[in-house]
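Counting in numbering that gives the first Met the number 0, the sequence shown runs without a single skipped number right up to 237 at its last residue.
Okay, so here's the structure we're looking at.
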Amino acid sequence: MNSTLKRDVMPFVWLVILTGVAMACLKVMKGVSTSRLQSSMWVAGEVSEPTLGRLMAGVVFLLLSVALLYNSMKIEKRESEESRLSWICSIAGGTLLWIAIGEVSWHFGIPVVSKEGVWKFVNFPRIESVQGVWLFLVMLMVNFLIIRRGSIALTMYLATFLGNWYGHLCMIATYPVARLLGCTLDMQTWNRAAGLVNSIILAIIGIWLMRKDTKYLGTVVLYVAAGTLLYGTILGKV
C-alpha cells in the first residue's frame with residue numbers, strides 16, 4: 000500500500016505543491032513594485048495590470064524555467080532510467096513557463112496609433128483565447144515529435160506547459176465558436192459545462208496512461224483534469 004501511494008499518488012501531490020509555491024511566489028513578486036509600465040486595458044472583461052513587479056516575475060520565472068529544463072536534461076543523461084528528480088524539474092519548469100508567458104501576454108501589449116492619430120496600448124493576443132488555438136496545435140505537434148525522439152525531460156516540460164494551456168483554452172477559446180454554431184448557453188454555464196466534460200475526458204486518458212509505462216505523463220494529465228474542473232468552476236461563478 001505504501002509503495003503504491005508513493006508511486007502513484009505522490010507525483011500528483013508534487014504537482015499540486017509546486018503549482019501552489021509558484022503562485023505564491025508570483026503574488027509576492029507582483030507586490031515588489033506596483034508601478035505601471037503601460038496603460039491598463041480591458042482584456043476579456045478584466046482590467047490588465049502591467050506593473051513592474053509582474054514583468055519582473057515573468058522574466059525571473061522564464062529564466063528559472065529554462066534553468067530547470069537544463070538541469071532536468073542533465074539528470075536524464077546521467078541516470079540510466081526514469082528519474083523522479085528529473086521529472087520534478089521538468090514539471091516545475093513547465094509550470095513556470097506557463098505562468099511567465101500567460102502573465103505577460105495577458106497584461107502587457109504594444110503601443111499602436113489609431114487612424115485618428117491616437118496612441119494607445121493593445122494587448123498581445125491572449126494565448127488562452129481562440130487566437131492561440133493554432134499556436135497550441137503547433138506546439139502539440141512539436142511535443143509529439145519530441146516524444147518519438149525519446150526525450151522524457153523535454154516531453155514532461157512541454158506536457159506540463161501545454162496541459163496548463165489547454166485547461167484555459169478548452170473553455171475560453173471554445174465559447175466564441177460555440178456561439179457561432181448557435182449555442183444559447185451564457186459564458187458562465189459554458190465554462191462549467193466545458194470544464195466538466197474536458198476534465199472527465201482527461202481523467203480517463205490519465206488513468207489509462209497511469210496503467211501503462213507512462214505513469215508520470217498520466218500524472219500530468221490527471222493534474223490537468225483536476226485543474227480544468229476547478230478552473231471551470233471558478234469561471235462559472237465570475
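Yeah, the Cβ is synthetic: ideal placement off N, Cα and C, and Gly gets one too.
Mark residue i as exposed unless 16 or more other C-beta atoms lie within 10 angstroms of its C-beta, in which case mark it buried.
{"i": "leucine 168", "result": "buried"}
{"i": "leucine 17", "result": "buried"}
{"i": "glycine 19", "result": "exposed"}
{"i": "phenylalanine 107", "result": "buried"}
{"i": "methionine 9", "result": "exposed"}
{"i": "alanine 23", "result": "exposed"}
{"i": "glycine 181", "result": "exposed"}
{"i": "isoleucine 233", "result": "exposed"}
{"i": "serine 89", "result": "buried"}
{"i": "isoleucine 109", "result": "exposed"}
{"i": "alanine 66", "result": "exposed"}
{"i": "tryptophan 105", "result": "buried"}
{"i": "tyrosine 69", "result": "exposed"}
{"i": "methionine 170", "result": "buried"}
To the nearest whole angstrom, what separates the beta carbons of residue i and residue j, a pair I think is in contact under 8 angstroms?
{"i": "glycine 166", "j": "valine 219", "result": "Not quite, the Cβ-Cβ distance comes to about 11 angstroms (not below 8 angstroms), so this is no contact."}
{"i": "threonine 227", "j": "serine 198", "result": "5 angstroms"}
{"i": "leucine 95", "j": "leucine 63", "result": "5 angstroms"}
Grouping DSSP H, G and I as helix and E and B as strand, with all else coil, what is residue i?
{"i": "threonine 18", "result": "helix"}
{"i": "valine 46", "result": "strand"}
{"i": "arginine 210", "result": "coil"}
Quick one: give me the first and last residue of the alpha helix (DSSP H) that residue i is part of.
{"i": "serine 71", "result": "51-77"}
- [ ] Would you mind listing the alpha helix (DSSP H) stretches within the stretch 105-187 that are 4+ residues and don't spill past its ends, in chain order?
- [x] Within the stretch 105-187, complete alpha helix (DSSP H) segments of at least 4 residues are found at 132-148, 151-171 and 173-179, given in chain order.
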